[in-house]
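Enquirer:
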Amino acid sequence: MVHFVGAGPGGPDLITLRGAELLKQADCVVYAGSLVNPALLGFVREGVPVYNSAHMTLEQVLEVLEQTERAGGNTVRLHTGDPCLYGAVREQMDQLDRRGIPWDVTPGVSSFCGAAAAAGAEYTLPWVSQSVIITRMAGRTPVPEGESIASLAQHGCTMVVFLSAGMLEGLSTELLKGAYTPDTPAALVYKATWPEEKVVRCTVGTLAQAGRDHHISKTALVLVGDFLSHQYQRSLLYHPGFSTEYRTGDGSAEPGGAL
């Protein structure tokens with residue numbers, strides 16, 4: 122069968138235990154070479170064929186998967202981060218269904234999680250933002266009507282922008298059409314969890330200049346929102362005055378004070 126495996130955000134020790142075990146047992150590996158850390162191929166047994174899908178079409182990938190299946194082997198289709206985000210996996214799954222080839226999915230740590238870790242940030246801060254928009258700029262691949270950056274920016278919540286580090290000037294312009302201002306905090310996170318990881322803090326108004334100054338034009342996520350500032354209020358969850366199913370509040374000051 123075919124195992125779709127999330128490789129994680131980059132650090133080879135951030136693949137799941139299940140994913141690592143599947144790589145060790147694989148009879149064939151097809152990996153997204155443009156983004157997956159090649160160090161992960163160290164889990165693969167010597168002599169097992171390994172294909173870099175960055176140089177392949179969907180049809181060529183499917184041919185390899187089908188050949189391995191006919192030979193009675195298991196293939197790991199190794200995708201960056203988690204396969205459910207910008208992984209182009211649905212088209213592969215549908216084609217495998219048509220061919221009668223079984224498959225399953227092993228989730229991975231997405232780069233948007235790795236980026237938050239690198240920035241030391243929490244996307245969902247009380248009284249700041251309780252929603253996260255994961256999106257991308259329209260480029261050669263369009264986005265559906267109603268999902269433009271300018272439209273989504275109306276919400277003013279936490280935004281994580283994939284696949285857009287090469288369009289920072291346009292991204293900044295589109296963000297400013299929404300609820301963000303030139304002073305809204307932002308960050309460029311380059312290769313989160315890789316050895317060469319870099320976090321560049323800036324604002325929506327200085328995004329493009331930050332990219333130029335630090336030579337970042339690809340393999341980076343753009344984080345946008347007030348969650349990157351130092352202003353927020355304490356969570357109710359652990360406040361001594363807040364009662365829960367497990368704990369009775371002590372009647373102290375009303376929760377929600379600023380930190």
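The opening position of the sequence shown corresponds to residue 122 in the numbering used here, with each subsequent residue numbered one higher.
Glycine residues also receive a C-beta, built at the ideal position from the N, C-alpha and C atoms.
Being a predicted model, the structure only gives us computed values, none of them experimental.
Quick check: what's the CA-CA separation for residue 130 versus residue 312?
Expert: Position 9 of the sequence shown, counted from the start, is the residue given in the question as residue 130. Position 191 of the sequence shown, counted from the start, is the residue given in the question as residue 312. If I take the Cα positions, the gap works out to 8 Å.
Enquirer: So, using beta-carbon positions, are residue 338 and residue 260 closer together than 8 Å?
Expert: Taking the sequence shown and counting its residues from 1, one reaches residue 338 at position 217. Taking the sequence shown and counting its residues from 1, one reaches residue 260 at position 139. No, Cβ-Cβ distance for residue 338 and residue 260 is not below 8 Å.
Enquirer: Return helix, strand or coil for residue 279, following the three-state DSSP convention.
Expert: The residue given as residue 279 occupies position 158 in the sequence shown. Residue state, collapsed to three classes: strand.
Enquirer: Residue 258 to residue 269, Cα distance in whole Å?
Expert: Your numbering for residue 258 matches position 137 in the sequence shown. Your numbering for residue 269 matches position 148 in the sequence shown. About 7 Å.
Enquirer: Identify whether residue 254 lies in helix, strand or coil by the three-state DSSP scheme.
Expert: Taking the first residue of the sequence shown as position 1, residue 254 is located at position 133. If DSSP states are grouped into helix, strand and coil, residue 254 belongs with the strands.
Enquirer: Can you tell me where the beta strand (DSSP E) holding residue 150 begins and where it ends?
Expert: If you number the sequence shown from 1, residue 150 lands on position 29. Here the beta strand (DSSP E) through residue 150 covers 149-152.
Enquirer: Identify which residue in 141, 333 and 149 has its Cα closest to the Cα of residue 229.
Expert: Residue 229 sits at position 108 when you count from the first residue of the sequence shown. Closest by alpha carbon: 141.
Enquirer: With C-beta atoms as the reference, is residue 277 less than 8 Å away from residue 240?
Expert: Taking the first residue of the sequence shown as 1, we reach residue 277 at position 156. Taking the first residue of the sequence shown as 1, we reach residue 240 at position 119. Not a contact, by the Cβ cut-off of 8 Å.
Enquirer: With DSSP as the reference, identify every bridge partner of residue 125, one or two as the case may be.
Expert: Reading the sequence shown from its first residue, position 4 is the one you call residue 125. Its beta-bridge partners are 198 and 226.
Enquirer: Give the range of the alpha helix (DSSP H) segment to which residue 234 is assigned.
Expert: Here residue 234 is taken as the residue at index 113 of the sequence shown, counted from 1. Start and end: 232-240.
Enquirer: Work out the CA separation of residue 317 and residue 340 for me, nearest whole Å.
Expert: In the sequence shown, residue 340 corresponds to position 219, counting from 1. In the sequence shown, residue 317 corresponds to position 196, counting from 1. Rounded to whole angstroms, residue 340 to residue 317 spans 11 Å at the Cα level.
Enquirer: For the beta strand (DSSP E) that residue 189 lies in, which residues bound it at each end?
Expert: By 1-based counting over the sequence shown, the position of residue 189 is 68. Note, residue 189: premise wrong, no beta strand (DSSP E); alpha helix (DSSP H) at 179-191.
Enquirer: Beta-carbon separation of residue 210 and residue 282 under 8 Å?
Expert: For this step, residue 210 is matched to residue 89 along the sequence shown. For this step, residue 282 is matched to residue 161 along the sequence shown. No; because the gap between Cβ atoms is not below 8 Å, this pair is not in contact.
Enquirer: With three or more C-beta pairs closer than 8 Å as the rule, is the segment 346-355 touching the segment 287-297?
Expert: At 8 Å Cβ cutoff, the stretches do not touch.
Enquirer: Whole alpha helix (DSSP H) runs in the segment 269-318 with 4 or more residues, listed along the chain?
Expert: Entirely contained in the segment 269-318, the alpha helix (DSSP H) runs reaching 4 residues are, in chain order, 270-273 and 289-296.
Enquirer: What distance in whole Å lies between the Cβ atoms of residue 148 and residue 194, which are believed to be in contact at a cut-off of 8 Å?
Expert: Taking the first residue of the sequence shown as 1, we reach residue 194 at position 73. Taking the first residue of the sequence shown as 1, we reach residue 148 at position 27. Right, the Cβ-Cβ distance comes to about 3 Å (below 8 Å), so this counts as a contact.
Enquirer: With DSSP run on the structure shown, which of helix, strand or coil describes residue 325?
Expert: As a first step, residue 325 must be located in the sequence shown, where it is residue number 204. Residue 325 falls in the helix class under three-state DSSP.
Enquirer: In its own chain, which residues sit with a C-beta less than 6 Å from the C-beta of residue 152, not counting the 5 before and 5 after it?
Expert: Counted from its first residue, the sequence shown places residue 152 at position 31. Around residue 152: 199.
Enquirer: I need the straight-line Cα distance from residue 380 to residue 356, nearest angstrom please.
Expert: On the sequence shown, position 259 is the one that residue 380 refers to. On the sequence shown, position 235 is the one that residue 356 refers to. Only weak support exists for where residue 380 lies, its pLDDT of 49 falling under 50; the value from the coordinates is given anyway. Spanning the two alpha carbons is a distance of roughly 10 Å.
Enquirer: What first and last residue would you give for the alpha helix (DSSP H) that runs through residue 143?
Expert: Counting from 1 along the sequence shown, the entry for residue 143 is found at position 22. Start and end: 138-146.
Enquirer: Let me confirm a value: residue 263 is counted as buried when at least 16 other C-beta atoms fall within 10 Å, else exposed. Which label applies?
Expert: Residue numbering aside, residue 263 sits at position 142 when the sequence shown is read from its first letter. Looking at its Cβ environment, which holds fewer than 16 other Cβ atoms inside 10 Å, residue 263 is exposed.
Enquirer: Measuring alpha carbon to alpha carbon, tell me which residue in 362, 305, 333 and 132 is nearest residue 161.
Expert: For the purposes of this step, residue 161 is taken as the residue at position 40 of the sequence shown. Comparing Cα-Cα distances from residue 161 to each of 362, 305, 333 and 132, the minimum goes to 132.
Enquirer: So, at 7 Å on beta carbons, what are the nonlocal neighbours of residue 331 in its own chain, with the 5 sequence-adjacent residues on each side left out?
Expert: For the purposes of this step, residue 331 is identified with residue 210 of the sequence shown, where counting begins at 1. The residues are 309, 321 and 323.
Enquirer: Buried or exposed: where does residue 192 fall if 16 or more other Cβ atoms within 10 Å of its Cβ makes it buried?
Expert: Here the question's residue 192 lines up with position 71 in the sequence shown. It is exposed - the Cβ of residue 192 has fewer than 16 other Cβ atoms within 10 Å.
Enquirer: How would you write the range of the alpha helix (DSSP H) that residue 344 sits in, first residue to last?
Expert: Sequence index remark: in the sequence shown, residue 344 carries index 223 (1-based). Note, residue 344: premise wrong, no alpha helix (DSSP H); beta strand (DSSP E) at 341-345.
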